[in-house]
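Chemist: One structure, pasted below without further comment.
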Amino acid sequence: MLDTIARQFNAGGPFMWVILVVLAVACAVVVERLIFYFVICRSQGVRMAAELAKAMNAGSTDEARRIVCCRKAPVDVLLRTAFERFDADMPVEDIREGVEEAAIREMPKMSQRLNYLALFANIATLLGLLGTISGLQVSFSSLAAVEATQKATMLARGISQAMNTTAFGLIVAVPCMIMYTMLSNLRERKVKDLDEAVVRTLNYFKKKRS
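Under the numbering used here, the first residue of the sequence shown carries the number 121, and numbering increases by one thereafter.
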């Protein structure tokens, strides 16, 4: 099977290597986003907000500080900013402004590099099409320069390059679009959880101040 794949890859011509580079970069983006969403952003914002309120209701400032400290996920940073300003006896409006400033820095991280996957899907498809055109050009330009006995071979070689490049482009494009959709949905869930956690925390601090 590997020999067959290698032969088809080599028959696809130079555009196969360009599509392979696109595939490698797309895989790197997918791995980076999966690590970000499932490792760095593993905290559940709504649960953190509830634990923070519970600790503060119990008068355990140290426990509240422990809940929001250290981690680098956007939800952790925003809740930590809110808590630190509340702990410094700042007005609710100043707490809200601090959270909004932190959100401007942190929220782009949720979508960072994600749109590249849709771009790579389009690039892979277009490269496959370009390889198809290149293969057909090679086929028909070679027909006039070879003997009649070799024309069928040259035509088959060019068509093989065209079809293999198109197929490989689609093989790369389809998973890129699938992963883009899945990761976009995951991002939306994370953002919704973050928004709800921040709103709950700010409302809690507002009640504590009143």
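Note that beta-carbon positions come from the ideal geometry of N, C-alpha and C, so glycine has one too.
Using CA atoms only, rank isn't needed, just tell me which of Ala-238, Lys-328 and Asp-313 is closest to Val-294.
Modeler: Ala-238
Chemist: In this structure, how does DSSP classify Met-227 when only helix, strand and coil are distinguished?
Modeler: coil
Chemist: Between the alpha carbons of Leu-199 and Val-219, how many angstroms are there, rounded?
Modeler: One Cα belongs to Leu-199, the other to Val-219, and the distance between them is close to 8 Å.
Chemist: Can you give the Cα-Cα distance for Leu-290 and Lys-310, rounded to whole angstroms?
Modeler: 30 Å
Chemist: Can you tell me whether Ile-253 is buried or exposed? The criterion is at least 16 other CB atoms within 10 Å of its CB, across all chains shown.
Modeler: exposed
Chemist: Is Val-292 near Ile-139, with beta carbons less than 7 Å apart?
Modeler: yes
Chemist: Excluding the 5 residues flanking Val-142 on each side, which residues of the same chain have their C-beta closer than 8 Å to its C-beta?
Modeler: Excluding sequence neighbours, Val-142 sits near Phe-240, Ile-243, Ala-244, Leu-247 and Val-292.
Chemist: Taking the alpha helix (DSSP H) that Leu-172 falls in, what are its first and last residues?
Modeler: 165-177
Chemist: Does DSSP put Arg-185 in a helix, in a strand, or in coil?
Modeler: helix
Chemist: To the nearest angstrom, how far is it from the Cα of Gly-251 to the Cα of Cys-296?
Modeler: Distance between Gly-251 and Cys-296, taken at the CA atoms: about 19 Å.
Chemist: Which one of Ala-175, Lys-328, Ala-131 and Met-302 has the shortest CA to CA distance from Leu-154?
Modeler: Met-302
Chemist: How many Å lie between Cys-190 and Ile-160 at the Cα?
Modeler: Going by the C-alpha atoms only, they are around 11 Å apart.
Chemist: Measuring alpha carbon to alpha carbon, tell me which of Glu-267, Leu-249, Leu-256 and Tyr-300 ends up nearest Phe-288.
Modeler: If we check each option's Cα against that of Phe-288, Leu-249 comes out closest.
Chemist: How many Å lie between Gln-270 and Arg-277 at the Cα?
Modeler: 11 Å
Chemist: Let me confirm a value: Asn-305 is counted as buried when at least 16 other C-beta atoms fall within 10 Å, else exposed. Which label applies?
Modeler: exposed
Chemist: With distances taken Cα to Cα, identify the nearest neighbour of Leu-256 among Leu-122, Ala-131 and Ile-125.
Modeler: Ala-131
Chemist: What residue does the alpha helix (DSSP H) around Ile-160 start on, and which one ends it?
Modeler: Looking at the DSSP string, Ile-160 is not in any alpha helix (DSSP H), and its letter there is neither H nor E.
Chemist: Please report the Cβ distance between Val-145 and Phe-325, rounded to the nearest whole angstrom; I am assuming they are in contact, meaning their Cβ atoms lie under 8 Å.
Modeler: That belief does not hold up - the Cβ atoms of Val-145 and Phe-325 are roughly 43 Å apart, past 8 Å.
Chemist: Measure the C-alpha to C-alpha separation of Lys-229 and Lys-192 and round it to an integer number of angstroms.
Modeler: 11 Å
Chemist: Just how far apart, CA to CA, sit Glu-171 and Ile-298?
Modeler: Their Cα atoms are separated by approximately 35 Å.
Chemist: Over the uninterrupted alpha helix (DSSP H) stretch that includes Glu-267, give me the two end residues.
Modeler: Glu-267: not part of any alpha helix (DSSP H); DSSP gives it neither H nor E.
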